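So the sequence shown is numbered by our numbering: it starts at 2 and just counts up by one. We treat Cβ as the ideally placed atom computed from N, Cα and C, and that holds for glycine. Treat the numbers as computed from the prediction; the structure is a model and nothing was measured.
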Amino acid sequence: MHADLASKDDFDKAINADSGKYVFIMAYEGDVPEKADEYAKKFEGKVDCYKFDCAKAPRAKDAHGITETPCALIYKDGKLVKKVPGMAPSEMKEVGQMLSA
């Protein structure tokens, strides 16, 4: 399941956790995309998964340059390694392979 990020502090703690894991953050507006939690469960234990609603956090949307939702933000060791605006299936397949490695 995706844990909710309710503040900038939550976001910063999530991406800077010293876990050596990938951190997957889903930015969405309104409703969580279908099957999102199913995919998060698939990577449980390997990837830390979070989400935030851009409609409730417009400053976060601007701060992270999110132009299209849903948007996947993948971090490792506090650094953004991949951003997928719109979560296009072909790019998300690549993300899945990266997270599975």
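Cβ separation of residue i and residue j, assumed to be a contact under 8 Å, to the nearest whole Å
i, j, result
"Ile75", "Ala28", "Wrong, their Cβ atoms sit about 12 Å apart, outside the cutoff."
"Val33", "Lys52", "6 Å"
Where residue i falls, given that 16 or more other Cβ within 10 Å makes a residue buried
i, result
"Val96", "buried"
"Val48", "buried"
"Ala89", "exposed"
"Ala7", "exposed"
"Asp5", "exposed"
Rounded separation between residue i and residue j - CA only
i, j, result
"Cys72", "Asp63", "13 Å"
"Ala18", "Asp10", "12 Å"
"Ser101", "Ala56", "30 Å"
Where the alpha helix (DSSP H) through residue i begins and ends
i, result
"Met93", "90–101"
Of the listed residues the options, nearest to residue i (C-alpha basis)
i, options, result
"Glu69", "Pro59, Gly79, Pro86, Lys77", "Pro86"
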